[in-house]
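In case it helps, numbering that gives the first Met the number 0 puts the sequence shown at residues 0 to 406. The structure appears below as structure tokens.
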Amino acid sequence: MVAVLAALLLAASPPEVTPLTFEEALALAGRTPGAESAARAAEVRRAESARLSPFVFNPQVTVEPGYRQSAGARGADLRVGVSQTFSLSGQTGARDTTVRAEQSVLDAEARAVLLARRLAIAEAWLRLWAAEQASAQSAQELQLAGTFREAVRGAAKLGASTKLEEAEASAYLAEARLAGLDAEGRVAERRVELARLLGKDPSQPLQATGELPEVELPPEAEWAPLVARASRLPEAEARKLEAWLERARAAEAHASRGTLLQVGVAGLREFDGAAGGALTLTLTPSLFERGERDRGTLLATAERLEGEARDAGQRAAAGLVLSLHEVEHAREVLAALKGELLPAAEEAARLRELLFRSGDATVPEVVLARRALAAARIRLGHARAEEARARVTARFFLDTLSGVPTP
């Protein structure tokens with residue numbers, strides 16, 4: 000449905016196409032709404048953390064005005080006191096640990112969101128590049144099909160071909176035209192998808208221009224240690240940090256119900272003019288309420304998150320292994336297409352056309368050969384894009400594990 004709507008929109012008023020290279024597309028990843036808001040959330044948390052007071056409780060000011068009357072005098076009394084509460088259970092340290100955990104989680108989530116968006120943009124750009132290559136190949140095939148039908152019609156007028164062969168050539172032209180329309184629809188769909196990922200107006204079509212990305216990977220002997228460290232990838236790391244955060248919150252909840260000491264000073268002026276002062280000490284022991292209610296919920300959540308973190312680590316390791324396998328697989332597929340299938344299809348199509356001109360081949364044989372050649376060329380474009388995607392994905396993962404900023 001998206002592809003149909005996009006094709007109709009572009010057909011109604013074709014706007015100017017905006018060329019976009021692979022590097023330019025990746026550079027926009029950090030400015031997309033999801034990645035930008037995740038990074039901003041981490042910045043806001045960091046800025047607010049810097050404003051934290053070393054005191055957990057606010058001071059209290061007490062004013063006690065009164066009136067007293069005795070047998071010989073009467074007048075107003077006034078008592079003014081200031082007190083400060085201190086936690087004897089380490090609440091300030093527990094709070095600071097929780098804040099650091101919250102910051103770490105937000106930072107890890109921001110890295111995970113950015114990595115996921117870069118991977119999605121890279122795949123979308125490469126899919127668009129392959130679709131545009133297929134569309135160009137379909138347009139070339141349509142032109143060849145039209146030329147071939149005219150040649151068959153000319154031969155029919157001279158009696159060198161039959162009505163059946165002319166109909167087959169016309170059917171070949173019609174199928175080439177339909178294949179071109181399908182290719183244009185896929186280009187429109189993938190342009191909309193890339194624009195969506197980049198946060199751009201989908202009515203302004205993008206064009207994947209420039210060369211495919213060239214990335215180098217470490218030798219295969221170094222892959223196994225990297226896979227063992229896959230749990231450090233941002234998504235898995237974020238799940239582990241979330242479990243740590245819940246345990247930190249549980250410790251803070253327990254400390255917040257711990258023993259409290261309130262220290263205060265008070266000044267007194269009595270109705271007869273006498274003045275004085277007092278030191279007040281108030282101890283609130285942690286006898287009954289120790290935060291078990293909140294602490295139990297938080298610790299249970301931490302246990303669940305630790306299990307999810309282990310699952311995320313296993314998924315990360317499996318994803319890295321699969322991406323490295325895809326590099327090998329895509330390279331083998333590309334080599335087979337470039338070294339075997341495409342040269343054979345090109346030679347078969349060339350020979351069929353030569354035989355057709357000499358009268359030793361039929362129209363269906365030429366059509367089949369040309370279709371096979373067009374399919375091989377389109378498949379080669381997709382294979383080149385898939386091989387580049389596999390290498391880019393693996394490179395992104397390895398750079399993240401090595402602490403190298405992804406371009």
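Note that CB positions come from ideal geometry on N, CA and C, so glycine has one too.
Since Trp128 and Ala24 are thought to touch, with beta carbons under 8 Å apart, how far apart are those beta carbons, to the nearest angstrom? That pair is no contact at about 10 Å.
Does DSSP classify Leu77 as helix, strand or coil? In the displayed model, Leu77 falls within a strand according to three-state DSSP.
I'd like to check one pair, Glu241 with Ala311: are the Cβ atoms closer than 8 Å? Contact flag unset, no.
Assigned secondary structure, Phe85 (DSSP; H/G/I helix, E/B strand, else coil): Strand, per DSSP.
When we look at the beta-carbon of Glu302 and count the other beta-carbons within 10 Å, is it buried (16 or more) or exposed? With a threshold of 16 other beta carbon atoms within 10 Å, Glu302 falls short and is exposed.
Sorted by chain position, which residues of the same chain lie with C-beta nearer than 7 Å to Ala11's C-beta, five sequence neighbours on each side aside? With a pLDDT of only 46 at Ala11, under the threshold of 50, the placement of this residue in the model should not be trusted; the figure read from the coordinates follows. Once the five neighbours on either side are set aside, Ala11 has no close Cβ partner at all.
Cβ neighbour criterion (16 or more within 10 Å) applied to Ser410: Given that the chain is displayed from residue 0 to residue 406, the structure contains no residue 410 and the question cannot be resolved.
Using beta-carbon positions only, say whether Ala371 and Ala329 come within less than 8 Å of one another. Cβ atoms of Ala371 and Ala329: not closer than 8 Å.
Between the Cα of Phe270 and the Cα atoms of Arg369, Ala150, Arg383 and Asp76, which residue gives the shortest distance? Shortest Cα-Cα distance from Phe270 to any of Arg369, Ala150, Arg383 and Asp76 involves Asp76.
Between which residues of its own chain and Gly80 is the CB-CB distance below 6 Å, once the five residues before and five after are set aside? Cβ within range, chain order: Thr61, Gly263 and Ala265.
One question on the structure: do Val191 and Glu131 come within less than 8 Å of each other, judged by their Cβ atoms? No, these two residues do not count as a Cβ contact at 8 Å.
On the DSSP bridge list, what partners appear for Arg268? Partner(s): Leu77 and Ala274.
Quick check: Leu419 and Leu260, are their CB atoms within less than 8 Å of each other? A query on residue 419 cannot be resolved here, the shown segment of the chain reaching from 0 to 406 and no further.
Nearest CA to the CA of Gln206: which residue from Glu167, Glu183 and Arg394? Among Glu167, Glu183 and Arg394, the Cα nearest to that of Gln206 is on Glu183.
8 Å Cβ cutoff met for Leu225 and Leu400: Cβ atoms of Leu225 and Leu400: closer than 8 Å.
Delimiting residues of the alpha helix (DSSP H) encompassing Gln203: For Gln203, there is no enclosing alpha helix (DSSP H), as DSSP marks it with neither H nor E.
Just grab the DSSP bridge partners of Gly263 for me. In DSSP, Gly263 forms a bridge with Ser82 and Thr279.
Measuring only the C-alpha atoms, how far is Pro363 from Glu352? Using only the alpha carbons, I get a separation of about 11 Å.
Measure how close the beta-carbons of Ala37 and Val112 come, nearest whole angstrom, since I'm counting them as under 8 Å. Ala37 to Val112, Cβ: 4 Å. Contact.
Leu397 in three-state terms, based on DSSP: The answer is helix: DSSP assigns Leu397 an H, G or I state.
Neighbour-count burial assignment, Phe54, 16 or more Cβ in a 10 Å radius: By the neighbour-count definition (other C-beta atoms within 10 Å, threshold 16), Phe54 is an exposed residue.
Own chain residues within Cβ distance below 7 Å of Phe395, not counting five before or after: So the qualifying residues of the chain are Leu114, Arg117, Leu118 and Thr405.
Glu15 - DSSP class collapsed to helix/strand/coil: Here Glu15 sits in coil by DSSP.
Report buried or exposed for Thr392, applying the criterion of at least 16 other Cβ atoms within 10 angstroms of its Cβ. Thr392 is buried by the Cβ-count criterion.
Enumerate in chain order the residues of its own chain whose CB-to-CB distance from Glu15 is below 7 Å, with the five nearest sequence positions on each side excluded. For Glu15, where only same-chain residues beyond five positions count, there are no Cβ hits under 7 Å.
Among the residues of its own chain, which have a CB less than 6 Å from the CB of Lys239, if the five just before and after it don't count? For Lys239, where only same-chain residues beyond five positions count, the Cβ hits under 6 Å are Ala308.
To the nearest angstrom, how far is it from the Cα of Ala178 to the Cα of Val366? Spanning the two alpha carbons is a distance of roughly 14 Å.
Candidates Leu340, Ala382, Glu386 and Leu379: which alpha carbon is nearest Ala368's? Taking Ala368 as reference, the option from Leu340, Ala382, Glu386 and Leu379 with the minimal CA-CA separation is Leu340.
Nearest neighbour of Ala348, chosen from Gly338, Ala360 and Lys337 [CA to CA]: Ala348 has its Cα closest to that of Ala360, out of Gly338, Ala360 and Lys337.
Alpha carbons only, please: which of Leu397, Ala28 and Glu22 is nearest the one belonging to Pro217? Residue Leu397 holds the alpha-carbon nearest to the alpha-carbon of Pro217 among Leu397, Ala28 and Glu22.
Please state whether DSSP places Val1 in a helix, a strand or coil. Note that Val1 scores 47 on pLDDT, short of 50, meaning its location in the model is unreliable; the coordinates nonetheless yield the value given after this. Taken through DSSP and simplified to helix, strand or coil, Val1 comes out as helix.
Output yes or no for whether 8 Å exceeds the beta carbon distance between Arg376 and Leu297. With respect to Leu297, Arg376 sits apart: the two C-beta atoms are not nearer than 8 Å.
Quick check: the Cα distance between Leu9 and Arg383, rounded to an integer number of angstroms? Any reading at Leu9 must be qualified, since the residue scores a pLDDT of 46, below 50, and its modelled position is unreliable; the value itself is stated next. Going from the Cα of Leu9 to the Cα of Arg383 covers about 27 Å.
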